[in-house]
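The numbering used here numbers the first residue of the sequence shown as 641 and each following residue consecutively.
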Amino acid sequence: MADINTVKYRLAKTLALVPEGNVVSYGQLADLCGFPGRARMVGKCLKILGDTHNWHRVVRADGKIAFPKTSEQGIEQIARLRNEGVAIKSERVRIKDVGWQPDLYIILRELKY
Numbered sequence: 641m642a643d644i645n646t647v648k649y650r651l652a653k654t655l656a657l658v659p660e661g662n663v664v665s666y667g668q669l670a671d672l673c674g675f676p677g678r679a680r681m682v683g684k685c686l687k688i689l690g691d692t693h694n695w696h697r698v699v700r701a702d703g704k705i706a707f708p709k710t711s712e713q714g715i716e717q718i719a720r721l722r723n724e725g726v727a728i729k730s731e732r733v734r735i736k737d738v739g740w741q742p743d744l745y746i747i748l749r750e751l752k753y
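Below, the structure written as C-alpha cells:
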C-alpha cells in the first residue's frame, strides 16, 4: 500500500482533472488513482485534503450526494454542484449524464500511476 503522501498527491492531481459540471464516484476515483477497490480509503483521505480540492465532485456510485442533505457538507456539496450546472433530484445526480469519463489521453498522460 502506498504511503499517505502518495495517496494525497494522486487524489489531488486526479480531482484537479475532473471538469466543472462533472462528478466521479469514490470507486472510480480510487481506480483512476491506482487504488482499485479502495473507495473507502479515498473517502477518508478526502477529509485530510480539505476544502482546497474539488471534493464536491465526488459522489456515491449510485449518484447520491456523499453527505446527508441537511448536513453542512451536504448543503455545500449540493450548492457547489448546482452552481456548476449539475442537476440534482432527490439528493442524486445522474451519473449517466454528468459522470466523468476521462479520454485516453488523460489516462495515459496525466494519470500514469
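Ideal Cβ placement from N, Cα and C applies to all residues, glycine included. Predicted model only: the values in this text are computed from it and were never measured.
Check: Start and end residues, alpha helix (DSSP H) containing D702; Outcome: Counting along the chain, D702 falls outside any alpha helix (DSSP H), and DSSP gives it neither H nor E.
Check: Three-state secondary structure (DSSP) of R720; Outcome: helix
Check: Proximity of K704 and E724 at Cβ, strictly below 8 Å; Outcome: no
Check: Sequence-distant residues of its chain with Cβ nearer than 7 Å to I746 (five each side left out); Outcome: L657
Check: Among A642, P659, T692, the one whose alpha carbon lies nearest that of A670; Outcome: A642
Check: Distance CB(C685)-CB(L655) smaller than 8 Å; Outcome: no
Check: Whole-Å CB distance - L672 paired with L751, under 8 Å assumed; Outcome: 6 Å
Check: Residues of its chain near I735, where Cβ-Cβ distance is below 6 Å and the 5 sequence neighbours each way are ignored; Outcome: G703
Check: Collapsed DSSP secondary structure at R732 in the structure displayed; Outcome: strand
Check: C-alpha distance - V699 paired with T646, whole-angstrom precision; Outcome: 22 Å
Check: Per-residue burial, R680 [other beta carbons within 10 Å of its own, 16 or more giving buried]; Outcome: exposed
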